[in-house]
Every structure is written in structure tokens, then in C-alpha cells.
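Remarks on the structure that follows.
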Amino acid sequence: MRKTLCGLGIFLFFFLGMFSAAVQAAADPSIQLLINGSKVKPEVPLQLVNGRTLVPVYTVQEGLDIKVSWDGKNRKVTVVDGSKKIELTIGSKTARVNGVQKKLDVAPVIISNRTFLPFRAVGELLGAEVDWENKTRSVILNKKTTPPPPKKPETPQVVKVTSIQQTDQVISIQTSGKTEAKSFTMNDPYRIVVDVQNATLATASSAIPGQGTNPAIKNVRFSQFEPDVVRVVVELAGSAKYDLVQGASKIEVKLKDIQSPEPSVPPVTNPPVVTEPVEPPPVVAPGDGTTQQPNPTPVTGPLSLKERVRIVVDAGHGGKDMGATGNNAREKDLTLGISQHLANNLGADPKFEVIMTRDSELDKQLTERGVKQELSEKVNIANDNNADLFISVHINSSTSASGKGTETYYHSDKSKGYASTIHKHLVQATGFPDRKIKKANFQVIKYTKMPAILIEVGFISNPSEAKEMQTEEFQQRVADAVYAGLKEYIQNN
Ligand SMILES: [Zn+2]
4 MRKTLCGLGI FLFFFLGMFS AAVQAAADPS IQLLINGSKV KPEVPLQLVN GRTLVPVYTV
64 QEGLDIKVSW DGKNRKVTVV DGSKKIELTI GSKTARVNGV QKKLDVAPVI ISNRTFLPFR
124 AVGELLGAEV DWENKTRSVI LNKKTTPPPP KKPETPQVVK VTSIQQTDQV ISIQTSGKTE
184 AKSFTMNDPY RIVVDVQNAT LATASSAIPG QGTNPAIKNV RFSQFEPDVV RVVVELAGSA
244 KYDLVQGASK IEVKLKDIQS PEPSVPPVTN PPVVTEPVEP PPVVAPGDGT TQQPNPTPVT
304 GPLSLKERVR IVVDAGHGGK DMGATGNNAR EKDLTLGISQ HLANNLGADP KFEVIMTRDS
364 ELDKQLTERG VKQELSEKVN IANDNNADLF ISVHINSSTS ASGKGTETYY HSDKSKGYAS
424 TIHKHLVQAT GFPDRKIKKA NFQVIKYTKM PAILIEVGFI SNPSEAKEMQ TEEFQQRVAD
484 AVYAGLKEYI QNN
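For my numbering, add 3 to where a residue sits in the sequence shown, where the first one is 1.
Below you can see the structure in the form of C-alpha cells.
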């Protein structure tokens with residue numbers, strides 16, 4: 004036993020001796036280092052190992068646009084050059100370049116507490132040319148510097164919109180500098196929308212000089228639509244074509260081919276006098292991106308005496324907005340189905356004039372309208388059309404599959420009677436548990452000016468309710484019930 008140990012001891016000694024011989028390093032202060040043509044003076048002399056030059060780790064960094072870091076725990080050096088990552092381990096002749104192993108002929112070493120890297124190997128891993136010039140005893144490294152990344156297009160200068168004025172049929176938007184404007188039109192009522200890009204509002208007042216001088220232009224308004232977009236909306240009495248003229252400090256909307264609105268047909272019989280609500284012109288319009296104001300109380304005549312009741316039917320969600328999903332159903336499809344049946348019922352009844360916020364996928368319509376905020380646009384459709392009633396159709400969802408039932412929401416007290424009348428019919432038609440009418444702050448019922456409700460027909464998260472709500476028969480039944488509820492409500496209001 005003793006003999007064996009002794010033999011092992013000799014063997015270990017021999018082995019270590021060989022090992023130390025293998026990394027026999029010699030400092031050679033005469034060696035010069037030239038990186039990309041510049042002499043780099045290392046803080047400690049370079050080392051020669053087996054005829055290879057090793058340089059202190061941080062010297063490699065000098066003159067090259069690379070990042071060197073040292074992980075003492077794992078005795079690892081990481082060199083990052085753009086997207087290239089080179090990992091070297093002390094004593095290991097295997098390097099990793101972006102995770103791929105590469106063989107080195109000399110391993111990195113620690114000498115006098117300093118880490119030295121094989122210069123040629125690292126240079127080549129970095130894609131540099133490494134040469135030895137014997138005459139000057141220089142190690143030369145030339146690395147094509149990676150071209151600087153293409154300059155990002157300069158962020159355009161933000162300009163200020165300093166004033167907006169109307170001169171006859173020209174709307175001028177004064178800006179502090181040149182910027183781009185995009186425009187599009189919206190219908191009902193016809194509006195020309197101009198989005199001034201990279202712009203902030205810097206107007207002293209919300210007044211628009213010259214406003215009201217041309218009867219073809221009903222209203223001009225503006226808002227900070229997005230942090231860097233100023234939106235100017237020109238609302239027309241009829242319609243018009245226009246030119247958008249963009250100058251150095253002015254953007255002009257020049258109207259042409261102005262069409263007057265269709266004259267309203269006078270009623271044949273003498274109808275009871277119904278005072279139409281007189282709406283003050285909004286300073287800023289909801290849906291044009293400005294903060295919507297909660298609905299003021301409008302002056303409304305009795306609905307029962309109205310020749311036609313204008314109702315906006317809002318099929319909840321749409322387009323990219325699926326609403327709730329579950330049990331192989333999507334809320335946006337169910338709400339559209341029910342809303343279409345309801346619109347058909349209403350459309351066949353001369354007492355009603357129905358406007359749908361969407362009658363198909365919403366995305367396309369929104370894109371055409373240039374609308375970003377779906378909910379405010381739904382509110383806008385109702386308010387801009389002076390609708391008498393608003394109903395938003397939704398499907399509920401719960402984290403629990405057992406959640407079920409029908410509920411109806413309203414916001415202001417003037418909508419409470421409307422909610423309870425519709426709900427009475429609705430809950431009977433669904434046959435689902437009665438979750439009653441509830442008060443809520445949903446945007447579409449809060450900011451719409453007319454009596455407005457939001458119905459949650461049933462729970463998509465409940466398998467049996469979801470299954471039933473997908474049937475044509477159920478959707479028609481719900482539409483019939485809401486229609487009956489509307490007729491009852493109108494008769495009594
Ligand atoms: Zn919903």
C-alpha cells in the first residue's frame with residue numbers, strides 16, 4: 004500500500020512538472036503590439052507561450068470595439084464583438100464562438116494574477132488579420148471595423164400647431180415648421196379629418212377665427228389626438244371634395260365641389276310639435292380622440308310621438324377585438340348575430356330607423372373611417388346621429404364555467420326605465436337566470452347622450468348557455484324580445 008502511494012506521488016509530481024512545462028511562459032517586453040495601425044502598450048509585458056503571444060485580457064479590448072468581461076467563478080473570459088460572442092476558459096483549448104466550439108492551439112492562462120489570451124487565436128476568432136513582423140518584433144492585428152449601423156432616420160422635429168382658422172371655404176392650420184398631414188373623410192355627418200403629424204397643439208384658444216362664415220361648413224374642431232398628432236375635423240353640412248395643400252408653415256384644406264345637404268322633406272300631415280334637442284356645438288368631439296364628457300341631459304320629446312325613432316344598435320366588439328371567447332364561440336360573432344336579427348326586425352318597422360355600429364367585421368370599417376378608438380367611435384356614431392336610443396349587445400364571461408344568466412346595464416337614471424323594460428323581455432326570452440339590471444360606467448352607455456343600455460345576454464364561459472346562444476333560433480328569439488321591449492318602452496315614453 005505504501006509503495007503504491009509512493010509511486011503515485013512520483014507520478015503526480017512528474018505529471019505536474021510536465022504540465023507546468025507545457026504552460027511555460029516567458030515575459031517578452033520587446034514584443035510590440037499594433038492594433039489597426041496604432042501601437043498599443045500593454046500594462047504588463049506580453050507573454051510567449053510555446054511560441055505564441057499571449058496578451059493581457061484588457062489589452063485586447065484596446066483599439067478594438069469589443070467588450071471583454073471576466074467571470075472569476077467559472078474562470079471564463081467573454082469577448083463580445085457586435086453579434087459575435089467568444090467564450091474562453093482558462094486552461095482550456097476549446098473556445099466557443101456563438102456557442103460553437105473552436106479549437107485553440109494555446110489555452111488562455113493566468114500569470115501573476117493576470118489573464119492572458121492567445122492573441123492570434125482571439126484575433127482570428129474576431130475575424131481580424133493577425134501577422135507577425137519579425138524585424139520589428141511586432142504582433143500586428145488589423146480588423147476591419149464594422150461599419151457603423153446606418154443612421155436611423157432622424158426623428159422628425161415636432162412642430163407646433165399655433166392656430167387654426169377658416170376663410171370662407173379654406174381651413175388653414177398654421178404650424179411652426181414643415182410637417183406632414185394625412186387626411187381622410189368620415190360619413191354621417193360628412194367630415195374631413197386632417198391629422199397633422201409630429202405636431203403638438205400650441206394654440207392660445209379653442210376659438211377658430213372665421214368659423215361660421217360659410218354655411219357649408221358646420222363645424223371645425225381640433226384636438227391633440229395622439230401625443231404627436233393634432234387632429235382637425237371639418238364637419239360639413241353636405242359634402243365636398245377638397246385639396247390638402249401642405250406648405251412650409253401652413254396646411255390648408257381647400258374645399259371644392261361643395262354639395263348642399265339633401266333638403267329635409269316637410270311632413271305631409273301636421274305632426275305634434277316636437278322640440279328637437281338643440282345641441283350646443285361641441286368644442287371638441289368625442290371620438291375625435293378628445294376626452295369625452297359624460298352625457299348632458301338632452302331635451303327630448305316623447306318617443307311615442309316621434310314619427311321615427313332612431314336607434315343605434317351596437318354589436319359588441321368586432322374585428323381584432325374578439326370580446327370574450329369560450330366553448331368554441333366568440334363574443335363578437337354572437338353579438339353580431341343577435342344585432343343583425345334585431346336590426347332586421349327594426350328595419351321592417353316604419354316606426355324605427357336603425358343604425359348599426361357595425362354590420363360585419365369591424366376592422367375594415369374602422370380602417371376606412373380611420374378610427375382608432377372603437378368604443379369612442381361607437382359613442383360618436385350614436386351622438387353624431389342624434390340617436391333617440393342606444394343599445395349595445397354583449398355576451399358575458401366568467402372564470403367559472405358555472406357563471407350564468409342575463410343582465411342589463413345602464414348608466415344614468417334616465418336610462419333606468421329603458422333598461423328594466425328591455426330586460427324584462429330579454430330575460431324571458433333567454434330563459435337564463437335573472438341577474439337583474441345594474442348600474443355601470445361602461446363607456447358606450449356613459450358617454451352616449453340618449454337613453455342607453457348594454458345587455459349581457461348570457462355567459463360564453465358556460466357550456467350550455469354558449470351552445471344555445473350560437474343557434475340562429477336563440478339569436479332571433481333574443482332579437483324579437485328586445486324588439487318587443489323597445490316597442491313597449493317607446494309607447495310609454
Ligand atoms: Zn363584451
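Where a beta carbon is used, it is the ideal one built from N, C-alpha and C, also for glycine. Owing to the predicted nature of the structure, the values given are computational and were not obtained by experimental measurement.
With respect to 7 angstroms, is the separation between the Cβ of residue i and the closest non-hydrogen atom of ligand 1 below this value?
{"i": "residue 320", "result": "yes"}
{"i": "residue 456", "result": "no"}
{"i": "residue 326", "result": "yes"}
{"i": "residue 398", "result": "yes"}
{"i": "residue 2", "result": "In the structure as shown, the chain starts at 4 and stops at 496, and residue 2 therefore has no counterpart that could be examined."}
{"i": "residue 334", "result": "yes"}
Please state the DSSP three-state secondary structure of residue i.
{"i": "residue 484", "result": "helix"}
{"i": "residue 422", "result": "helix"}
{"i": "residue 48", "result": "coil"}
{"i": "residue 121", "result": "strand"}
{"i": "residue 404", "result": "coil"}
{"i": "residue 186", "result": "strand"}
{"i": "residue 171", "result": "coil"}
{"i": "residue 493", "result": "helix"}
{"i": "residue 9", "result": "A caution first: residue 9 carries a pLDDT of 41, below 50, which makes its placement in the model too unreliable to give a value."}
{"i": "residue 497", "result": "This structure does not reach residue 497, given that the chain is present from 4 up to 496, and the question cannot be answered."}
{"i": "residue 260", "result": "strand"}
{"i": "residue 177", "result": "strand"}
{"i": "residue 142", "result": "strand"}
{"i": "residue 387", "result": "helix"}
{"i": "residue 478", "result": "helix"}
Q. Where are the alpha helix (DSSP H) runs, 4 residues long or more, that stay fully inside the stretch 213-249, in chain order?
A. Correct list: empty.
Q.
Check whether the stretch 439-448 and the stretch 399-418 touch, using three or more Cβ-Cβ pairs below 8 angstroms as the test.
A. Judged by Cβ distances under 8 angstroms, the stretch 439-448 makes contact with the stretch 399-418, as three or more pairs qualify.
**Q.** Entirely enclosed beta strand (DSSP E) segments - the stretch 299-370, minimum 3 residues
**A.** The stretch 299-370 is shown to contain whole beta strand (DSSP E) runs of 3 or more residues at 312-318, 355-359, in chain order.
Q. When the Cβ atoms of the stretch 175-193 are set against those of the stretch 126-136, are three or more pairs found closer than 8 angstroms?
A. Counting Cβ pairs under 8 angstroms, fewer than three are found: no touch.
Q: Could you tell me whether the stretch 481-495 touches the stretch 417-425, using the rule of 3 or more Cβ pairs below 8 angstroms?
A: Judged by Cβ distances under 8 angstroms, the stretch 481-495 makes contact with the stretch 417-425, as three or more pairs qualify.
Q) Which runs of the alpha helix (DSSP H) fall wholly inside the stretch 410-460 and span at least 4 residues, in chain order? A) Segments of the alpha helix (DSSP H) lying fully in the stretch 410-460: 419-433, 446-449.
Q) Do the stretch 94-101 and the stretch 31-39 touch if we need at least three Cβ pairs shorter than 8 angstroms? A) The answer is no - the stretch 31-39 does not touch the stretch 94-101, with fewer than three Cβ pairs under 8 angstroms.
Q: Decide yes or no for the touch test of the stretch 466-484 against the stretch 334-343: beta carbon pairs closer than 8 angstroms, at least 3 of them.
A: The stretch 466-484, when compared against the stretch 334-343, does touch it at the 8 angstroms Cβ threshold.
Q: Within the stretch 37-116, note down every full alpha helix (DSSP H) run reaching 4 residues or more, in order along the chain.
A: Every unbroken stretch of the alpha helix (DSSP H) spanning 4 or more residues and falling wholly within the stretch 37-116 is given here in chain order: 60-64.
Q.
So, does the stretch 55-74 touch the stretch 160-174, judging by three or more C-beta pairs under 8 angstroms?
A. With a cut-off of 8 angstroms, the stretch 160-174 and the stretch 55-74 do not count as touching, because too few Cβ pairs lie within range.
Q | Stretch-stretch touch, CB-based, cutoff 8 angstroms, three pairs: the stretch 340-357 with the stretch 316-324 | A | A contact exists between the stretch 340-357 and the stretch 316-324.
Q) Is the stretch 357-364 touching the stretch 377-394 in the sense that three or more CB pairs, one from each, lie closer than 8 angstroms? A) Yes: the two stretches touch, three or more of their Cβ pairs being nearer than 8 angstroms.
Q) At a cut of 8 angstroms, does the stretch 453-461 reach the stretch 320-331 through at least three beta carbon pairs? A) Two segments are said to touch when three or more pairs of C-beta atoms, one from each, lie closer than 8 angstroms; by this definition the stretch 453-461 does not touch the stretch 320-331.
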